[in-house]
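Note that numbering that gives the first Met the number 0 gives residue 11 to position 12 of the sequence shown, counting from 1, and the numbers run on in steps of one.
This report concerns only the one structure given below.
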Amino acid sequence: MGLAVTYEHIKTCKQSGARLGRVHTPHGVIETPAFMPVGTQATVKTMSPEELKQMDAHIILSNTYHLFLRPGHETVKKAGGLHRFMNWDRPILTDSGGFQVFSLSEMRKISEEGVQFRSHLNGDKLFISPEKSIEIQNALGSDIMMAFDECPPYPAEHSYAKQSLERTTRWAERCLKAHARPNDQALFAIVQGGMYEDLRKQSALELTSMDFPGYAIGGLSVGEPKPLMYEVLDYTVPYLPANKPRYLMGVGSPDALVEGSIRGIDMFDCVLPTRIARNGTVMTSEGRLVVRNAKFAEDFGPLDPECSCYTCRNYSRAYIRHLIKADETFGIRLTTYHNLHFLLELMRGVRQAIREDRLLDFRDEFFAKYGIDEN
Ligand SMILES: C=CCOC(=O)Nc1nc2cc3[nH]c(NC)nc3cc2c(=O)[nH]1
Ligand SMILES: [Zn+2]
């Protein structure tokens, strides 16, 4: 069998340089540019697989770190793998655990061998190496696996960012060697290098020389100003092969998804839509709206008059505000459904604008109404 994951370029937008493509995987096709809902603990919080299919999500993301801690990757393997365990038969991407260890666990110690840390659940002393990360992801059976990397803090000294990217390259090589199922699961490498053009180039050249089936751009959306993130993309994307998927991690807000697509990114993931939904904030074509706000107490219109999703066709702002205030879980199910649908719909609009060679016009029209998110 050939490569587990291949990229099919369909066309490039004449106005913006963005590209329309398809990522072919053992569990189906992903139309790109694509937004991937995040299902950290083997579920996209409060959503059923059927609802995710209704809104036409093609791929979801799950977290290696969390599943390693609970229920354990061996348990998921015994269940027949993550697709079977969570009843999701479309593509799944798993992260390598690198970022989560740094963002969630205490007492972590990084060495050439790997990262020692304490579980954020019970304080157990644990260790993840590149080999361990691959073992876990092989057990989960995800279609796309991520190499174990270090995401340097922002800001980081040039010397630190250089040491860090060089270790990430050595770890990527160890991941390639440890990968037990290359024909069934694609291993993507993660380009690092902080906010330094020379380091981003070095990281990209070192990793693309190892011929991975896809490349992620890491180390961004870590608190840097958005213009700086776009600048890093402008000089990093050209070093990534045009015939492989490009994945920008942890991005993003609606404006960042459009700007990233314009710069040649194919895949995005972000917890924003599901996270803000849980505190009653929704994205609408006119910008963000905090539905628990008192002014919506007797507003019997939909969250977004321009939205055709299940939530907006059947429920009012007043009803959803009531549920959220009453701490009724159906309330956050409705806001989550709408927010995910909103971003998936936005990406359908981006893909259509690329087909029509007008993504820059699309951006201007979208921003004029939505505005720019603060994060
Ligand atoms: C999740 C997919 C695979 O992730 C990894 O295995 N490693 C990794 N994850 C990141 C996640 C990020 N989220 C944000 N902002 C919200 N920035 C991020 C940067 C990284 C990164 O540099 N590396
Ligand atoms: Zn809606």
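Positions of the beta carbon are idealized from the N, C-alpha and C atoms, including for glycine.
Mind checking if residue i is an interface residue toward chain C, Cβ cutoff 9 Å exclusive?
i, result
"H178", "Judged by its chain identifiers, the structure shown contains no chain C, having just a single protein chain."
Whole angstroms are fine: how far does the CA of residue j sit from the CA of residue i?
i, j, result
"N242", "T235", "15 Å"
"S132", "H321", "43 Å"
"C12", "G348", "13 Å"
"N137", "I29", "21 Å"
"K368", "M282", "12 Å"
"A296", "Y318", "8 Å"
"R181", "A3", "What sits at residue 181 in the sequence shown is Pro, not Arg. Their Cα atoms are separated by approximately 7 Å."
"S252", "E149", "23 Å"
"E327", "E165", "49 Å"
"P152", "A171", "19 Å"
"G370", "R362", "10 Å"
"Y195", "A155", "10 Å"
In this structure, what does DSSP give as the bridge partners for residue i?
i, result
"A185", "I143"
"T93", "S61, M144"
"K10", "L19"
"G27", "T24"
"A33", "M266"
"Q115", "K108, F126"
"T5", "H23"
"V190", "I216"
Is residue i close to ligand 2? I mean its beta-carbon at under 8 Å from any heavy atom of the ligand.
i, result
"S118", "no"
"D298", "no"
"H340", "yes"
"H321", "no"
"L343", "no"
Does at least one heavy atom of ligand 1 sit under 8 Å from the Cβ of residue i?
i, result
"S95", "yes"
"C306", "no"
"I29", "no"
"M209", "no"
"I91", "no"
"V289", "no"
"S113", "Note on identity: in this sequence residue 113 is Gly, with Ser being the wrong assignment. No, since every heavy atom of ligand 1 falls outside the 8 Å radius drawn around the Cβ of G113."
"N431", "Coverage of the chain is limited to positions 0 through 374, which leaves residue 431 absent and any answer about it impossible."
"L206", "no"
Next on the checklist: My parser needs the beta strand (DSSP E) runs of 3 or more residues fully inside the stretch 215-289; what are they?
Outcome noted: 245-247, 266-268, 280-283, 286-289
Checklist entry - Enumerated in chain order, which unbroken segments of the beta strand (DSSP E) with a length of 3 residues or greater are wholly contained in the stretch 123-153? => result 124-127, 143-145
Next on the checklist: Extract the residue ranges of the alpha helix (DSSP H) inside the stretch 293-340, only unbroken runs of 4 or more that lie entirely within it.
Outcome noted: DSSP runs (the alpha helix (DSSP H)) wholly in the stretch 293-340: 309-313, 316-324.
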